[in-house]
Structures are given as structure tokens and as C-alpha cells.
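Following full-length UniProt numbering, the residues of the sequence shown are numbered contiguously, the last one being 550.
Structure record follows, encoded as C-alpha cells.
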Amino acid sequence: APVSPTGRTEREHLFGGDPRAQAGEHLTTSQGLRLSDTDHSLKAGPRGPSLLEDHHLREKITHFDHERIPERVVHARGAAAHGTFVAYGNAASATKAKFLAEKGHKTDVFVRFSTVLGSRGSADTVRDTRGFATKFYTDEGTFDLVGNNIPVFFIQDGIKFPDIIHAGKPHPDREIPQAQSAHDTFWDFVSLHTEATHHVFWNMSDRGIPRSYRTMEGFGVHTFRLENADGETCLAKFHWKPIAGVHSLVWEEAQIAAGVDPDFHRRDMADAIEAGAYFEYELGLQLLPDSPDETFQGIDLLDPTKFVPEELAPVQRVGKLTLDRNPTNYFAETEQVAFHLGNLVPGIQVTNDPLLQARLFSYLDTQLTRLGGPNFPQLPINRPHTEVNDNLRDGMHQTAVHRGQAPYLPNSIDGGGPFTTDGYVEVPREVAGPKVRENPASFDDHFSQAALFYHSLSPVEQVHVTEAFTFELGKCYEQAIKERELQVLAKIDATLCQTVAAGLGLPAPKDEPVTHGPVSPALSQIPPGPGPIT
Ligand code: HEM
């Protein structure tokens with residue numbers, strides 16, 4: 017019904033002439049006033065000065081002045097693509113999440129790849145960890161799998177995240193370097209904080225310089241808890257397996273590409289998708305028993321510096337992801353997308369991994385600043401592809417026009433609900449223990465899995481790791497830091513340590529015992545995992 021004095025409907029009144037559309041025939045101000053000149057400011061005579069009353073000048077410049085939003089505090093440089101995920105249907109015995117459990121179920125996705133430490137304008141092929149963040153717009157709500165291309169992390173507890181990032185980001189005085197590698201603060205931190213060793217070895221391996229996003233694995237890193245339709249639970253690790261296989265650059269290629277084409281990876285993805293050569297990955301699950309101690313074959317599943325070798329628990333492929341559409345607007349999609357580990361769907365739950373627990377806080381918190389207040393879920397790229405009735409109101413940048421009274425529950429006036437029986441319910445798990453700032457003793461082994469990883473590499477890959485350590489440590493100014501990292505290398509492999517030491521012109525540490533800790537005994541002694549999904 018017409019409600020406005022001009023006889024327009026309420027909707028037309030509110031949204032007619034939507035300034036966001038920029039689709040009108042004439043150039044106007046943001047208020048719809050048609051302009052006759054946008055090339056000259058209003059001046060007192062042709063030689064000026066410019067007049068303060070020129071609203072068009074001030075509006076145009078003011079809006080331009082505020083075009084940028086803060087870049088992400090980490091993972092600032094990214095490129096993204098849209099696509100579809102199709103479930104194979106074999107995951108139903110593990111999870112009731114419909115987008116995984118129902119054979120042939122199709123889900124829209126948006127994936128953002130990133131480097132961690134460089135700024136928005138940094139080069140793609142630097143040695144760094146890569147982000148692999150996937151937004152599944154499922155019928156049951158949005159599920160975000162916010163992973164990396166490396167299966168373990170530098171730290172066991174999220175409280176250390178500001179420390180590792182401060183140590184890795186560019187020096188505050190000179191703003192160099194852009195990459196993780198090659199500076200004293202990074203190597204100082206990781207040589208003192210040796211739980212980082214496993215992740216550092218992956219960084220120094222060829223995994224640190226992927227050839228293309230389409231040849232990169234992805235990992236959810238943490239252990240998640242899955243629940244099936246019968247209420248049975250298991251623990252699980254998420255994996256992305258690229259159909260094109262895993263391929264890396266060699267260091268010389270990475271360096272040349274960084275100079276010749278700093279956009280190497282984003283150009284590769286955009287060009288390939290435009291040409292119809294889509295990026296494809298399979299989603300895999302490692303399923304592990306939901307044991308009371310949350311360990312598997314001696315590996316503490318709450319420790320994000322540990323992985324579960326595939327020889328112990330096979331990665332079972334449960335669906336296929338195809339990235340087949342480039343964003344139309346980098347800012348609206350790639351820059352404004354907001355991932356969050358708390359975006360879960362029924363059948364997928366979090367565990368007590370202390371890194372995961374801190375992440376559950378951090379992403380929403382940072383996005384409140386980065387995206388200007390609490391209404392960023394309304395941005396087109398962040399909107400769920402399902403019905404939303406969240407009772408949230410008002411706030412900075414609210415674009416919805418809500419009707420009626422502010423919602424509250426319980427409410428005898430206009431009801432609310434109804435609640436469904438298939439809503440999200442946390443699996444009840446016992447929580448007990450003294451309030452302490454401590455890790456379990458099982459977190460103390462910092463070296464055995466780094467050694468396992470290093471010794472799993474082929475000889476040429478081991479040479480690459482050796483050269484990477486030599487190159488990166490060679491950039492440190494402080495000899496004491498190089499010497500401390502050599503002591504870490506001695507715990508992993510004596511030859512590696514000696515070769516890097518020789519490359520640095522330093523003596524190898526003497527008589528350092530090689531200790532691989534109690535975790536991850538020889539693979540041959542370990543029985544296989546729980547077997548295929550049935
Ligand atoms: C951003 C992965 C640990 C805080 C990201 C992004 C990825 C990622 C992929 C980029 C998201 C995007 O494309 O927009 C990971 C992984 C981690 C980890 C795999 C460990 C397993 C942490 C921890 C914290 C943290 C421990 C803090 C306690 C952040 C923040 C952002 C971010 C603040 C920026 C988010 C934004 O501005 O939208 N992380 N991260 N991350 N991460 Fe993490």
C-alpha cells in the first residue's frame with residue numbers, strides 16, 4: 017500500500033533509486049542530484065581559491081578518502097574464487113552434516129587463498145604458509161573451513177599468536193622484509209619457542225613455495241568432532257587434495273617470479289578459470305576414534321603442532337570442490353569476505369585444542385574493526401544461502417529495515433521460534449580439572465614429528481630444505497640466533513645440521529643428542545587406522 021506522501025510504496029520509498037546500484041542514466045551526487053560538471057571545483061573566479069560550499073567536491077573527495085578498509089592483520093594478501101562442492105555421500109556414517117552426508121548434494125562455495133605475513137601488495141611466490149579458507153554456503157547455515165596448506169601450526173596455544181606474528185611481520189623501523197623468511201626476530205622466536213619446529217620444517221620444504229593454488233593441499237589443522245545421525249561421534253581432520261597433484265616451485269623460480277610477476281598465483285587462478293581450466297580438489301577426512309584422552313596412536317589430537325600420518329589413518333575422500341567462477345569485484349568479495357571457525361553446521365563440532373579455542377574468539381573480534389561494526393554478515397559475500405532470523409538489531413552499517421518491536425524471547429506477544437528439533441546441539445563432553453596455565457605433558461615433544469617429516473622427504477627435497485635453512489638463516493645479523501637454530505636442527509638430523517652450519521660458516525653444535533621424543537614411534541610398529549567409511 018502507498019505510504020509515503022509521494023504515493024510510493026514503502027519499499028520504493030526505502031529502496032527506489034538505490035544509490036548502491038550506480039545504474040542511473042545521469043551522473044548524480046549520492047543524494048540523486050543530477051550534476052552538470054565533475055571536472056571543475058567551484059572557485060571564486062577561474063584562479064580560485066576553491067569554495068568550501070562546493071558539496072560535490074567535498075563529497076567526492078571525502079568518499080574517496082575513505083575507500084580503503086584496514087587490511088587483514090594476517091593473511092592480508094589473498095585471491096579468491098567461487099565454486100561448487102558436491103558430496104560423494106560416503107561420509108554419512110561419520111557426520112550428519114547434509115552437505116557432506118547426502119550423495120550428490122551441491123553446495124555453493126567461496127575459497128580465499130592467501131599468504132600469511134606479507135601486506136596486501138606483496139608478492140605471491142614468497143616462502144610462507146598459504147591460507148586455504150573455504151566458505152560452504154550450506155542449506156543448514158554457513159560452514160567455514162579456515163585452513164592452511166600446512167597441516168600443523170607454529171604454536172600450541174592461541175595466546176602465543178601475537179608473539180609469532182610480531183616476530184614474523186616486517187620490522188617496525190624499516191618495514192622489511194615482506195616475507196616470513198630471513199630476519200632475526202622470526203628466527204629468534206622459533207629457535208627459542210621450539211614447538212614451532214615442525215611448522216618451520218614444512219615452510220623450509222618445497223611446501224613453502226607452491227607452484228599454483230591448484231597444486232596445493234589444504235588442511236583444517238585442528239581436530240574436529242563429527243557426529244552422525246545416530247548421535248555417534250568420532251574425531252576428524254579435514255584435508256583438501258588437489259586433483260592436479262602437489263607441485264611446488266624451486267627457489268630460483270620463486271624468486272624470479274616474485275620479481276617478474278608478483279601476481280603469479282592470482283593471475284594463474286583468474287586466467288585459468290576464465291579459460292575454463294577449473295581448479296579441482298577433493299575433500300578428505302581422517303577419521304579417528306573419539307577416545308576419552310583424545311589421542312591416537314600416542315599422538316595428542318589437541319596438539320596442533322602434530323599431524324596424524326596418513327599411513328596411520330587414511331584420508332578418505334568425501335566430495336569434490338570445483339572453483340569455476342572469478343569474483344566480479346575484488347573489494348566486495350575477496351576483501352570483504354569474513355571467515356570464522358565458529359561458523360559450524362550440525363554434525364561438525366569443535367574440540368578443546370587451545371589454538372582453536374583462541375581462534376574462535378579472534379576472527380569475529382578482528383572483523384568488527386576490519387569490516388566496521390557488527391553487521392558485516394549482511395554484506396553480500398557473507399550472507400548465508402539460507403533463511404536467517406537472528407534477532408539481532410541495529411548497529412553500525414545496518415542495511416536491513418526491521419519491522420515491529422525489538423525481538424526478545426520468551427515473548428508472549430508475538431511468539432518467536434518455533435525451534436526445530438534438528439537445531440545445533442553441542443555434544444555433551446565432561447569438563448573438569450584445576451584452573452591452570454599449563455599444557456599437558458604430551459605437548460612437550462617438539463621434535464619427533466619434524467624429524468618424521470624431514471626423513472619422509474626424497475633426497476632432492478631434503479637438499480631443498482637444507483638450502484632453504486642456509487639461505488634464510490644466512491640473512492640473520494645475529495650469530496647467536498643462527499647458532500641457536502643450529503641446535504634445533506641438530507635434534508632433527510645431524511647431517512642437515514652440519515651442512516647448514518658449513519653453509520653459514522659456523523661450527524656445528526657438538527655432542528647434541530638426537531632426541532625424537534616419545535610420540536610417533538616407527539610407523540611399522542603402528543596398527544592401521546579405523547578403516548574406510550562404510
Ligand atoms: C586469518 C588460517 C591461527 C587469527 C586467517 C586466514 C586463514 C587463517 C586461512 C585468512 C582468512 C581469509 O582468507 O580471509 C589459520 C590457521 C591457523 C590460524 C589454519 C592455525 C591452525 C590463528 C590464530 C589466531 C588467528 C591462533 C589468533 C588467535 C587470525 C586473524 C585473521 C586470520 C585475526 C584475520 C581475519 C580477518 O581479518 O578476517 N587465518 N589461522 N589465526 N587469522 Fe588465522
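Backbone N, C-alpha and C fix where the C-beta goes; we use that ideal spot for every residue, glycine too.
Should residue i go down as buried or exposed, given a rule of 16 or more other Cβ atoms within 10 Å for buried?
i	result
I192	exposed
F355	buried
N427	exposed
G174	buried
D179	exposed
I166	buried
E494	exposed
D319	buried
Could you check whether the Cβ of residue i sits closer than 6 Å to any heavy atom belonging to the ligand HEM?
i	result
N164	yes
Y379	yes
S130	yes
residue 553	Coverage of the chain is limited to positions 17 through 550, which leaves residue 553 absent and any answer about it impossible.
T382	yes
H214	no
H91	yes
R88	yes
A374	yes
G94	yes
R333	no
L489	no
G174	yes
A293	no
L371	yes
R227	no
Could you check what DSSP says for residue i in three-state terms: helix, strand or coil?
i	result
Q196	Because Q196 sits at a pLDDT of 49, beneath the cut-off of 50, its placement in the model cannot be relied upon, and the following sentence gives the value as read from the coordinates. Correct three-state label for Q196: coil.
C492	coil
I272	helix
V516	helix
R409	coil
Y440	coil
N164	strand
P423	coil
I171	coil
A538	Any reading at A538 must be qualified, since the residue scores a pLDDT of 41, below 50, and its modelled position is unreliable; the value itself is stated next. A538: coil per DSSP, three-state reduction.
A448	coil
Could you tell me the distance, in whole angstroms, from the CA atom of residue i to the CA atom of residue j?
i	j	result
E269	F254	30 Å
Q196	A245	Residue placement at Q196 cannot be trusted, given a pLDDT of 49 that sits under 50; what the coordinates show is reported in the next sentence. Between Q196 and A245, the C-alpha separation is close to 44 Å.
E296	K257	9 Å
F323	D316	9 Å
residue 12	D406	The first residue shown for the chain is 17 and the last is 550, placing residue 12 beyond what the model contains.
D438	K114	12 Å
V447	T367	12 Å
D309	T515	40 Å
E351	E87	8 Å
T123	S52	47 Å
R445	G236	22 Å
Q271	D144	13 Å
L43	L49	8 Å
A348	Q302	35 Å
V361	Y440	7 Å
L116	V334	7 Å
N106	K112	11 Å
Does the Cβ of residue i lie closer than 6 Å to at least one heavy atom of the ligand FAD?
i	result
L395	Absence of the ligand FAD from the depicted structure is noted, with the ligand HEM being the only ligands included.
**Q.** contact_flag[the region 336-343, the region 272-289] where n(CB pairs < 8 Å) is 3 or more
**A.** With the rule of 3 Cβ pairs closer than 8 Å, the region 336-343 counts as touching the region 272-289.
Q. Touch check for the region 162-177 and the region 366-378: three-plus C-beta pairs under 8 Å?
A. The region 162-177 is in contact with the region 366-378.
(Q) Below 8 Å, how does it come out for the region 468-478 and the region 132-141: are there three or more Cβ pairs, yes or no? (A) Flag = no, the region 468-478 and the region 132-141 do not touch.
Q) Would you call the region 262-276 and the region 215-232 in contact, with 3 or more CB pairs under 8 Å? A) Enough Cβ pairs lie closer than 8 Å, so yes.
**Q.** the region 399-413 in contact with the region 272-280 per 3-pair CB rule at 8 Å
**A.** Judged by Cβ distances under 8 Å, the region 399-413 makes no contact with the region 272-280, as fewer than three pairs qualify.
Q.
Can you confirm whether the region 497-515 touches the region 459-469 when touching is taken to mean that 3 or more C-beta pairs between the two stretches lie within less than 8 Å?
A. Yes, the region 459-469 touches the region 497-515.
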